[in-house]
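Counting in the numbering used here, the sequence shown runs from 2 upward without gaps. For every residue, glycine included, the Cβ atom is placed at its ideal position computed from N, Cα and C. In this text the structure is predicted, and so the values were computed from the model without any measurement. Working notes, beginning with the structure itself.
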Amino acid sequence: LYCCISERPESFSKADVTKFDWNSASWIFNLTANYAYSKYSYIIKDIQAVQKEIEDNSFAIQAAVEKTAKELEKTDKKLAIKYLSDYSVSHAEMLVSRWKELLEYIITKYNDGYINNGKYGGRHPTGAGYGSEWIKRVLKENPDYYKIEWTEPVKK
2 LYCCISERPE SFSKADVTKF DWNSASWIFN LTANYAYSKY SYIIKDIQAV
52 QKEIEDNSFA IQAAVEKTAK ELEKTDKKLA IKYLSDYSVS HAEMLVSRWK
102 ELLEYIITKY NDGYINNGKY GGRHPTGAGY GSEWIKRVLK ENPDYYKIEW
152 TEPVKK
């Protein structure tokens, strides 16, 4: 978003922490992050792929956007501001829309704690298990919970 813009993206204007809203950028970004915590080592790869896609596309057009804005500013500053406002709003809304698609994808892919690969025209999940860090933490927090005490068999 450019600092000169005269309007803001609607999805960036909705950030009520007391009421969930599918049209709020804040809620979409936070829900994606919160969902990723459950299987971070898996889900982060999906997030980074979409992040790279968005960043690469943004960087690819950035020079042209700024060149156009500078040319417009030479003749009509208000038109340059409108151009940057329109670009910023549409780009931000595209970002939120793409992030919502990502969220829907990871909810489906990682449903019920599995990795649903979608092969064979349906759900064929792969068990993901728990990461070693999680297992170490559980054992550290509850060291005696899984303790096995061996006893000698009773002789008859």
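Selection Asn143, Thr33, Tyr38 evaluated against valine 51 yields Thr33 as nearest (Cα-Cα). Proximity of the segment 131–150 to the segment 62–76 falls short of the contact definition, fewer than three beta-carbon pairs being nearer than 8 Å.
Contact annotation: the segment 79–93 touches the segment 4–13, with at least three C-beta pairs closer than 8 Å. Sixteen is the threshold: since fewer than 16 other Cβ atoms of the shown chains lie within 10 Å of the Cβ of tyrosine 146, the residue is exposed. Residues Ser12, Phe13, Val97 of the same chain have their beta carbon placed closer than 6 Å to that of alanine 26, with the five preceding and five following residues left out of the count.
Distance from tyrosine 106 to aspartate 57 at the Cβ level is roughly 19 Å; contact not present, criterion being Cβ atoms closer than 8 Å. The residues Phe21, Asp22, in chain order, have a CB closer than 7 Å to that of tryptophan 28 in the same chain once the five nearest residues on each side in sequence are set aside. According to the DSSP assignment, tyrosine 115 belongs to the beta strand (DSSP E) that extends over 115–117. Here arginine 9 carries a coil assignment [DSSP, helix/strand/coil].
Burial state of serine 59 is exposed, judged by a 10 Å Cβ sphere holding fewer than 16 other Cβ atoms.
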